[in-house]
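A short write-up of the structure that comes next.
Protein chains in written order, with the numbering used here: chain A, 40 to 561; chain B, 14 to 421; chain C, 245 to 782.
Structure representation (structure tokens):
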């Protein structure tokens, strides 16, 4: 094929995950000629809706929407493009084996044998946490500061941060934040509360999707992080499953003039004379663009798509040093009917159910993955979306659960037997709270961290494209040289969850990347 | 995991706690010429400072033929389909220009454009290189190899080598029966038949003079030595120590790692590492070669914004070696730099020094001043010496590059 | 009744350092010690025949040379001797020796991995970089980041300058280093499990975190900051045991006119109108002073010595939240001879250094998992040293003293207090662990003293036996040590100060907290300071 025949674009986006779509939406809106290349038959990456069994659909990987960036939602007018919520501001119900469950909302804690003191403390604590999240939250919407070469925006951001800390919070709260920022969630919660169920549920939020246990330093920050994105920490369910979010983003992008090509797997990102020239598809087709944005993991981008030889060595080493271990598996169950949970009404089941009865238990569950084992008593975040969205199941119901902990590198490998055995463990665990669950199961399946890597390209099965820990946040995310979305290769950018501010169906990384491209950062 | 067992531990490895020093395959031969027993450690090996008298040994380099054992240099083999890409990314030179049978002198940098080391790269086959360096490179090779289809290994202990330098060396090699060795150009590399298998000869060196480096298997070391002695018996051939070589390399204006610059990966203090431009090696750096070689982006920036230091070769007034001297813009003036190497050049009959000055000082022809401390009969004296920045090394004879070389 | 300028509560090395500098400045100082011996955790105890045990701390190279020199400790009999050697044995059956010679060390590493050799050099230089960055901060008072005082702003500026001086790459590397686990940090350098296990020990010693826990890489650095005669990272111990250190410091106190009273436990710090007036001893005796320095940890000081009314609600809450969990134990052995480790070659002298026993890298983490459940590690990490192979003064000729530091050991066993039976079981497990690697060991033991965190707490007052007087975690460092508001050596009441490892820069026999505290006191009194600052390396 000669050069003249190759299609030319302003920007090629590799990967139609939600961040790629958001990035495309913004770029197209700014008048760029953009194409999104998706390897699979549908866009959305890990935010898709998949068919579980006949007539039953589930959110394939992510299942709650709690961090969707409000700016993205507004700028791209996602509601106009079909995004509707079937439920919002869901409460969290921390399940207790004795049926005395703890109901948590943003500012109240009831049940679960919680003392009045704890309930009061909870209210105060959450208010403080939202204060902190509010103080730091704006950092998600801007690129990390380049402290050695501060531009005007960086200086503004630094001043804003300083001002918010010192005057927004005040000396007292600021110093407390500085103390807590590097702490583990367990010490924070032990300082505040007595109720184990409460601590277990809150600690679960801090470790969800991370490779940490409650005792691991630094996950207080992941706890805050969950509160910082989105709509004040509100937990929502989109109508039609998570695929609906991606569809709305895709629709927004298309409306702005983006071309989206599915079944278009990129073989390589092409480079000539230290600058990106475009991509070559597996079909052999070559697309030309001066700017290529990768929505994939940095390691995939650097090693598999561009090739290590187009980057300097220390950068490549740092990219390969990114820790990107997943610790969560996903379980989907097609049910004949609504399951019965001890002590919960059918209405209660619409909420977010959490199995994490205590911090020590949670830590014990975590212990296993350090040695490549699965938890014997796994912890779960459960959703039964068909209760709020009948379109997901023509008859019966679907239940999805994020299960922790399951390692990526299971000793002996994720064989069919290993998978089946862990699925049994998970169903048994569920059975401890919903005794009739087994009788209702039509079909059950498990997506392990290894499957997540194979199916969604989540290296190591980590849905943040790199663990969200202190040493991999802000200007260290994914690696310092790429923290401003531009890679050290002319015309090459990243926009995925591996970049600041990280994962969760947020869209902030895609938005920030688009802004960086439009600003011409490199 | 690698597990040390009795089988895979060599005797030396298991007994290393009894002696810290390795002996080169040439050790016994050198020892026969050693009158003074002055040795120091060079990496894991021991190497002579001098064998009799450094001045006499120096003149073997400039006048006849000298043998210096360079076995202790760090040597690495890089092999595989991506070898060229790998070297071209590692090194700032354009390695596509280095054909099979050629050698390249080069430095290499980290991502910040600071020099890790300098050395020579031998392209022994389409997909195979030998890298010969002063410092250890295994960790650098390891991080550079990520994403490349190559194999790399350290071969320091497998290859014995000597540097054979001086105006008579070509003649001696001819006498030894190396066919057409005289047609080898500077930085050529060839293999010659020798008992026990081919030996590799390169027209390279560290003296700024006519000379060769000869690379052999360990068990060929002593036969090679004997053969050179036999072929060179009429040419005042002699083994030399490091002191003589040091004079020759300063005279030739060549820099040394850990003397003139601190390898960037071993430099702890901020700002103490140096870039190729600052080491006077800007000519190696091919920014436009179209490869993202290590340090490229930083070096582009440096090229735009200017360097911090300039490497200078100085002709120092008087005859007191300017060792460790500070450099000033004028007598009793402002400190602008320092001397890193200094020597009396016996052939050029000049008092010379290598050093660094802050930009923009030190252009060729500029004058700077050195404050020299020297000791006579234990008493310290101090002089101010005017120094002229030289454009050429103090010794740069035509015979260094002349092909074919004359017999003496 | 006599009124002192300053009373120092507790005669640990920091308290004595503090008192010596105050005395040197001309103040009338009294040091009060509850035990009948001085030194706190810096002692040489004679507990079995002619043996002297450094029965708590056992190494002295973190001690700041500036203090050593300015207090003339050599004159008072202190001799810090460096040793060489040392090794790690793991269940791989082999050993990794420590050699002071760089090339020998390289060859030793190459035996285990040809690629880790150069990585070791890189590792060393990286560490040297961080040490060089952090050491000048040791003899300085941390700034309060919420304050607008000139001094705090100026100190923040100093910190900022130091950060920027590192340069972009190194600063970012440092930020990463500061928060990762030692396991992950070492993984970026090394492939050999034995080499990693050898290095990781320093990162978990005294720390209630596992080798895979974030934040442990920093602890590694904390142990590398020491230097002996300019050799950064070198280790040494005082001739005659750690008691020689406190003895020399006490000599310095007395030289400058200070008094030291033993068997004088302090019950309360008395406060009147928001101002310290002195202390009340356990005996009921009252001693007056305008200033009291507590050398105890923050918990013992604010929850024990000080009346909650005087401390104030905020400080009491912060002190309760201050973390000082014990995670280690200590065994002291009187031995008939030198244990023979089967992995070591015959004739090796490596045993002269400090050596480590740990089954493998994973054992650190598994041991930590047990600790979390309130149990001691069944396969512990042991840090062992036989000072008598270098220092002939601590045991009868031909006999030896061996110190054995055990990680992990809970302060209480599954929530229960330690009993003599539990101590025996704990000790037996350690002895069996050593005997696994040195079969002749059991026959050599003549006497053993077994110390859990609780035993140490009861004896010398380190809460839960935490060797650092409070954990060295990110939330308890710099301006957060022990907690915001009290991080500049001053307590919540006028005239109350702190000098222990519970303050910046934290634990280890360093002396820096005591010295910094003295500097602050003198500053408050407008007396020109006698306390040195960092003398730097270039």
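The C-beta atom is built at its ideal place from N, Cα and C for all residues, glycine as well.
_residue 668 of chain C beta carbon less than 7 Å from that of residue 679 of chain C_ = no
*Write down every uninterrupted run of the beta strand (DSSP E) in the region 448-505 of chain A whose length is 3 residues or greater and which is fully enclosed by it, in chain order.*
480-486
*Boundaries (first-last residue) of the alpha helix (DSSP H) holding residue 108 of chain B*: Note, residue 108 of chain B: premise wrong, no alpha helix (DSSP H); not H, not E.
*Tell me the start and end of each unbroken beta strand (DSSP E) in the region 186-253 of chain B that is at least 3 residues and wholly inside, in chain order.*
202-205, 212-215, 224-230, 250-252
*asked:* Counting only beta-carbon separations shorter than 7 Å, does residue 710 of chain C have a partner in chain A?
replied: no
_Top-ranked residue by Cα proximity to residue 222 of chain A, from C/423, C/429, C/427_ = C/423
*chain C within 7 Å of residue 310 of chain B, Cβ atoms only*: no
*Report the rounded CA-to-CA distance for residue 304 of chain C versus residue 450 of chain C, giving the unit in angstroms.*
16 Å
_Let me check understanding here. Comparing Cα to Cα, which of A/382, A/358, A/161 lies closest to residue 235 of chain A?_
A/161
*With 16 other CB atoms within 10 Å as the buried threshold, where does residue 336 of chain A fall?*
buried
*asked:* I'd like to know if residue 239 of chain A contacts chain C, where contact means its C-beta is closer than 7 Å to some C-beta of that chain.
replied: no
*asked:* Can you check which of these residues, C/285, C/564, C/378, C/349, is closest to residue 464 of chain C by C-alpha distance?
replied: C/378
*asked:* Does the CB of residue 10 of chain B have a neighbour CB from chain C at under 7 Å?
replied: Look at the range of chain B in this structure, 14 to 421, and you will see that residue 10 of chain B is not part of it.
*Look up residue 322 of chain B in the DSSP assignment and give the residues it is bridged to.*
B/371
*Any idea what DSSP makes of residue 48 of chain A, helix, strand or coil?*
coil
*Should residue 420 of chain C be flagged as near chain A, meaning a C-beta pair shorter than 7 Å?*
yes
*For residue 468 of chain A, count neighbouring C-beta atoms within 10 Å of its own C-beta (all shown protein chains included) and say buried if the count is 16 or more, exposed if not.*
buried
*Answer with yes or no whether the minimum CB distance from residue 390 of chain C to chain A is below 7 Å.*
yes
*What are the boundary residues of the beta strand (DSSP E) that includes residue 248 of chain C?*
247-253
*Straight-line Cα distance separating residue 425 of chain C from residue 389 of chain A*: 39 Å
*Is the beta carbon of residue 357 of chain A less than 7 Å from the beta carbon of residue 501 of chain A?*
no
*Determine whether the Cβ of residue 515 of chain A lies closer than 7 Å to any Cβ atom of chain C.*
yes
_Span separating the alpha-carbon of residue 299 of chain C from that of residue 321 of chain C_ = 20 Å
*asked:* List, from N- to C-terminal side, the beta strand (DSSP E) runs of 3 residues or more that fit wholly inside the region 606-645 of chain C.
replied: 625-629
*In the DSSP assignment, find the unbroken beta strand (DSSP E) run with residue 58 of chain B in it and report its ends.*
58-63
*With DSSP collapsed to three states, give me the class of residue 511 of chain C.*
strand
*Can you pull the DSSP bridge partners for residue 481 of chain C?*
C/325
*asked:* With a threshold of 7 Å between beta carbons, is residue 416 of chain C in contact with chain E?
replied: Within the model displayed, chain E is absent; protein chains A, B and C are what it includes.
*Proximity test, Cβ basis, 7 Å: residue 349 of chain A and chain B*: yes
*According to the Cβ coordinates, are residue 274 of chain A and residue 381 of chain A closer than 7 Å?*
no
*In chain order, what residues of the same chain lie with their CB nearer than 6 Å to the CB of residue 457 of chain C, ignoring the 5 residues before and after it?*
425
*asked:* From the DSSP secondary-structure annotation, give me the bridge partner or partners of residue 380 of chain B.
replied: B/401
*asked:* Pull the bridge partners of residue 96 of chain A from the DSSP assignment, please.
replied: A/90
*Three-state secondary structure (DSSP) of residue 228 of chain C*: The requested residue 228 of chain C does not occur in the structure, where chain C is confined to residues 245 to 782.
*asked:* List, in chain order, every chain B residue whose beta-carbon is nearer than 9 Å to that of residue 464 of chain A.
replied: Simply none; closest approach about 31 Å.
_For residue 19 of chain B, the three-state DSSP class (helix, strand or coil)_ = In this prediction, residue 19 of chain B scores a pLDDT of 46, lower than 50, which makes its location untrustworthy; no coordinate-derived value is stated.
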